[in-house]
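Chains as they are written, first to last, in the working numbering: chain A, 1 to 272; chain B, 1001 to 1316.
Written as structure tokens, this is what we have:
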């Protein structure tokens, strides 16, 4: 329906748009205000005397450098694992005929909607018996695979023509070589989508890191932020806003730069 | 030797004729080995960290496993459905279930209506700033709920931004998060805000499937925009709407970060969710009891998923 847009459409969209982004703007402005200024009535919009004090405290007194590093390390390994393992299984499910294929796919698909809250208790028992509580492997291992990743890679690889695989087989290439040299180079868009989705998922993940990171040196950003916000720094508004900025801004930057992959992810899987 | 020699001599003839092209496609048996080789790394991790825990959680919910058994999780007693009986006799769990239900029942339709409104507006010839709008509406989806909940918590303080804004109109706003009437609706509002973007994208895709001919035919018949919307657009969008309701419902059933950061489940359990109840019980060391609570939540998710599967099968 390419009709002439009416003014009320813009009114609806702009009102909604302001409501959507205003919390982000408020967060950003608040992070440059002193605590006294934030709590003063009446509120003022722009920081009166912009200060970096909140950020200095965040990375000095509160050790957000460590939490930031932890979040990056965990997200990078989780992303790499998902790309490797999901692509391999996705290729087998899409292009190889083998015994047990249907059962395998059904099993993986059946767990697509299982939330972390169902598995975290036994996972904690397992992790503590493996001696991995409060360690990077403890944070990373349970998230190296996601059913969604397999689904996404399988759907994409299914759409690749069989001829190229047949041609490679005739040339005597092994299945492993076909996977690495023929299939993977064509999977760029799917891998990019998967990488972005898993990186963000890991970056924003909360419940499991909250359970398994038992001391500050292994906190990820959301865990540190959540625990500080309900702890002794609860009333330090400016400081907490700066913390939120540190968590949110890298993700927003990635999103704005690579937004077409997000839309692609939804198109490929139907799930955010 | 004399017997064998002719046989070896004839052997090439008795073999099936060589294929015209030298295809080296592995046999089915070999292929199964190769395929399982590709599947193995994923499946090992899957069994240990996904399928195993899902089953273990179910089995645990029928035992008396607590934090004392952490080092000997197999040395526990089976207690039947005792954990489930205790759960449903705990008024706090009932409160948590009720709050979760309210969260879903109020949150899902409102998210759908608002997202549909945005998608329709964007779809009606808005070309200017289309990308800007899309990015803005989608931005909350990609951000950490914890971070955003902290920002909202400050906005909703008695001396926060919202009440400051209301004061401009002479309205004296309540202490949103400390008030038993307003706390849960405040969290629902935030969840709606955060999820509009996902549904907007899904609806924009769904709107592409609405037949232009039908719309034009309806217009010829003199149907106004409202009639066209309810008689043409909505029926065509039904699968998309159902899908949206299911995935949003599944997400809302698990709400946890919002009360954890903004209210700690209070005031007076007004925002205690099922997931938060589960987490609290885990914190008290009642592992088997927490597993039972998580399985009650899981049941809700399974029911929603089945609705969707059934519907999609009907479509086929």
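No residue lacks a Cβ here, since even glycine has one placed at the ideal position from N, Cα and C.
Does the beta-carbon of residue 1278(B) have 16 or more other beta-carbons within 10 angstroms, so that it is buried, or is it exposed? Its Cβ being crowded by 16 or more others within 10 Å, residue 1278(B) is buried.
Can you find a CB in chain B that lies within less than 8 Å of the CB of residue 240(A)? Put simply, the CB of residue 240(A) is near chain B, with a gap under 8 Å to one of its CB atoms.
Partners in chain A for residue 1099(B), counting only beta-carbon separations shorter than 8 Å: Taking a Cβ-Cβ threshold of 8 Å, none of the residues of chain A is close to residue 1099(B); the smallest such distance is about 15 Å.
Taking the alpha helix (DSSP H) that residue 86(A) belongs to, which residues open and close that run? It spans 64–95 - the alpha helix (DSSP H) in which residue 86(A) sits, taken as one unbroken run.
Which residue comes first and which comes last in the alpha helix (DSSP H) that contains residue 1105(B)? Unbroken alpha helix (DSSP H) run through residue 1105(B): 1091–1123.
For residue 91(A), would you say it is in contact with chain B, using Cβ-to-Cβ distances shorter than 8 Å as the test? The beta carbon of residue 91(A) sits closer than 8 Å to some beta carbon of chain B.
Run of the alpha helix (DSSP H) containing residue 57(A), from where it starts to where it stops: Counted as a single uninterrupted DSSP element, the alpha helix (DSSP H) harbouring residue 57(A) occupies residues 53–59.
Give me the DSSP bridge partner(s) of residue 1078(B). Listed as beta-bridge partners of residue 1078(B) by DSSP are 1063(B).
So that I know if they touch, is there some Cβ in chain A lying closer than 8 Å to that of residue 1257(B)? Residue-level contact by beta carbon holds for residue 1257(B) and chain A, with a gap shorter than 8 Å.
Between residue 157(A) and residue 1056(B), what straight-line distance do the alpha-carbon atoms span, to the nearest angstrom? Approximately 33 Å, taken between the alpha carbons.
Could you tell me if residue 1284(B) is buried or exposed, where buried requires 16 or more neighbouring beta carbons within 10 angstroms of its beta carbon? The Cβ neighbour count for residue 1284(B), taken over all protein chains shown within 10 Å, is under 16; the residue is labelled exposed.
Please check the pair residue 1229(B) and residue 1202(B), which I expect to be a contact at CB under 8 Å, by giving their CB distance rounded to whole angstroms. 18 Å between Cβ atoms; not a contact.
Identify every run of the alpha helix (DSSP H) within the segment 1164–1234 of chain B, keeping only runs that are complete inside it and at least 4 residues long; order them along the chain. Residue ranges of uninterrupted alpha helix (DSSP H) with 4 or more members, entirely inside the segment 1164–1234 of chain B and ordered along the chain, are 1183–1207, 1212–1220 and 1225–1228.
Distance, residue 1157(B) Cα to residue 39(A) Cα: If you take the alpha carbons of residue 39(A) and residue 1157(B), they lie about 10 Å apart.
Under the three-state reduction of DSSP, which class applies to residue 173(A): helix, strand or coil? Residue 173(A) falls in the coil class under three-state DSSP.
Taking residue 986(B) as the reference, give the member of 1049(B), 1145(B), 1292(B) and 1236(B) with the closest Cα. Residue 986(B) lies beyond the range of chain B shown here (1001 to 1316); nothing can be said about it.
For residue 1028(B), which option in 64(A), 257(A) and 100(A) has the closest C-alpha, if you only look at C-alpha atoms? Looking at the Cα atoms, 100(A) is the closest of the given residues.
Report yes or no: do three or more beta-carbon pairs, one from the segment 1251–1268 of chain B and one from the segment 1183–1203 of chain B, lie closer than 8 Å? Yes, the segment 1251–1268 of chain B touches the segment 1183–1203 of chain B.
Within-8 Å CB hit, residue 1112(B) to chain A: With 8 Å as the cut-off, residue 1112(B) does not count as an interface residue toward chain A.
Where does residue 257(A) sit, in a helix, a strand or coil, going by DSSP? Annotated three-state conformation of residue 257(A) is helix, per DSSP.
Partner residues on chain A for residue 1122(B), Cβ-Cβ distance less than 9 Å: The contacting residues are 9 and 13.
Determine the direct distance from the alpha carbon of residue 132(A) to that of residue 219(A), and round the result to whole angstroms. Put simply, the backbone Cα of residue 219(A) is about 14 Å away from that of residue 132(A).
The alpha helix (DSSP H) enclosing residue 1257(B), as first and last residue numbers: Start and end: 1257–1262.
Just the chain A side, please: which residues come within less than 7 Å of residue 1172(B) by C-beta, in chain order? Residues of chain A passing the Cβ test: none, with the nearest at roughly 12 Å.
Rounding to the nearest angstrom, what Cα-Cα distance links residue 1197(B) and residue 1223(B) in this structure? Distance between the alpha carbons of residue 1197(B) and residue 1223(B): 30 Å.
From which residue to which residue does the alpha helix (DSSP H) around residue 1034(B) run? That run of the alpha helix (DSSP H) goes 1028–1046.
Does the CB of residue 1095(B) have a neighbour CB from chain A at under 8 Å? No, residue 1095(B) lies away from the interface with chain A (no Cβ there is under 8 Å from its Cβ).
Where residue 208(A) meets chain B, residues with beta-carbon distance less than 7 Å: In chain order: nothing, as chain B lies at least about 10 Å away.
Chain B contact residues for residue 86(A), given Cβ-Cβ distances below 9 Å: Here the neighbours are 1042.
What number of angstroms, rounded off, separates the C-alpha of residue 1257(B) from the C-alpha of residue 1216(B)? Approximately 46 Å, taken between the alpha carbons.
Using DSSP with H/G/I as helix, E/B as strand and the rest coil, what is residue 1159(B)? For residue 1159(B), the three-state secondary structure derived from DSSP is coil.
Could you tell me whether any Cβ in chain B is nearer than 8 Å to the Cβ of residue 121(A)? Using a CB distance cut-off of 8 Å, residue 121(A) counts as an interface residue toward chain B.
Beta-carbon neighbours of residue 1260(B), restricted to chain A and to distances below 7 Å: Going along chain A in sequence order, the residues near residue 1260(B) (Cβ under 7 Å) are 226.
Go through its chain and collect everything with a Cβ distance to residue 53(A)'s Cβ below 8 Å, but skip five positions before and after it. Same-chain partners within the cutoff: 34 and 238.
Starting from residue 35(A), trace the alpha helix (DSSP H) both ways and give me its first and last residue. Run containing residue 35(A): 35–39, per the alpha helix (DSSP H) assignment.
Have a look at 1155(B), 1159(B) and 1308(B) and flag the residue whose alpha-carbon is nearest the alpha-carbon of residue 29(A). Of 1155(B), 1159(B) and 1308(B), the residue nearest in Cα terms is 1155(B).
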